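Enquirer: Please see the structure below; I have some questions.
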């Protein structure tokens, strides 16, 4: 069974640009959550999707958005990039809607210059 | 009330020793407590998880001890090996329709040969 696939693995963007990150969950998993990981703030929850619906959103500005498709694949978008958005963005895949085991992808390393 | 406090920040253990990492929480609505292991350049990997209806769970060399009244839980790694050297995160999740995880700040474990 394939794991969680995140693409691309690495990205370098310029301030003011926008970026789209992709996540393919484990086959059969219907819930996808996104996290931002930085040395200073640790692992912080961005948002969660289940059956194409956003169920939870973390405390991030509106520049951060996401969506989930009917095949459970998810994308997150960051617009008007700032230097502080440089981070490892992680996607977690879970089978069910609540408190089930979450499996993480390897992440997308975003660097904003 | 949303925080999960983790200690120590770093830990050095001799090969064959016991590594102990502690976490504390405030929100009594939390009802799922996983531990994750993360190696550099990788996403977090689920190690072991516990729910409040049991006080201990063991999987191989890894044991979670859970104290509901004290709102604390800990990870014990028995017979620690150099290959266990990684960053460990505790996390907590509330019951209901969510997979949102609140993470501790992480513990960098170094097992010396």
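Chains as they are written, first to last, in the working numbering: chain A, 7 to 119; chain B, 164 to 276.
Note that the Cβ used here is the ideal one computed from N, Cα and C, for glycine as well.
On a predicted model such as this, the values are computed, not experimentally measured, just so you know.
Given residue 230 of chain B, which residues of its chain have a CB within under 8 Å of its CB, disregarding the five upstream and five downstream residues?
Expert: As a first step, residue 230 of chain B must be located in the second chain, where it is residue number 67. Hits under 8 Å: 218 and 236.
Enquirer: Is it the case that the region 87 to 101 of chain A contacts the region 164 to 183 of chain B, given that we only count it when at least three CB pairs across the two stretches are under 8 Å?
Expert: No contact exists between the region 164 to 183 of chain B and the region 87 to 101 of chain A.
Enquirer: Does the beta carbon of residue 205 of chain B come closer than 8 Å to any beta carbon on chain A?
Expert: The residue you call residue 205 of chain B lines up with position 42 of the second chain. Yes, contact with chain A.
Enquirer: Residues of chain B with CB closer than 8 Å to the CB of residue 106 of chain A, please, in chain order.
Expert: Position 100 of the first chain, counted from the first residue, corresponds to residue 106 of chain A. The contacting residues are 262.
Enquirer: Residue 111 of chain A and residue 10 of chain A - do their beta-carbons sit closer together than 8 Å?
Expert: Along the first chain, one-based indexing puts residue 10 of chain A at 4. Along the first chain, one-based indexing puts residue 111 of chain A at 105. Taking 8 Å as the Cβ cut-off, residue 10 of chain A and residue 111 of chain A qualify as a contacting pair.
Enquirer: With a threshold of 8 Å between beta-carbons, can residue 48 of chain A be considered close to chain B, or not?
Expert: Here residue 48 of chain A refers to the residue found at position 42 of the first chain. True, the Cβ-Cβ gap to chain B drops below 8 Å.
Enquirer: Pick out whichever of A:109, A:118, A:62 and A:119 has its Cα sitting closest to the Cα of residue 35 of chain A.
Expert: By one-based count along the first chain, residue 35 of chain A stands at place 29. Considering only alpha carbons, the answer is A:109.
Enquirer: Compare the C-beta of residue 117 of chain A with all C-beta atoms of chain B and state if any pair is closer than 8 Å.
Expert: Translated into the one-based positions of the first chain, residue 117 of chain A becomes position 111. No, residue 117 of chain A lies away from the interface with chain B (no Cβ there is under 8 Å from its Cβ).
Enquirer: Skipping 5 residues on each side, what residues in its chain have a beta carbon closer than 6 Å to that of residue 269 of chain B?
Expert: As a first step, residue 269 of chain B is located in the second chain; it is residue number 106 there, counting from the start. Hits under 6 Å: 250 and 252.
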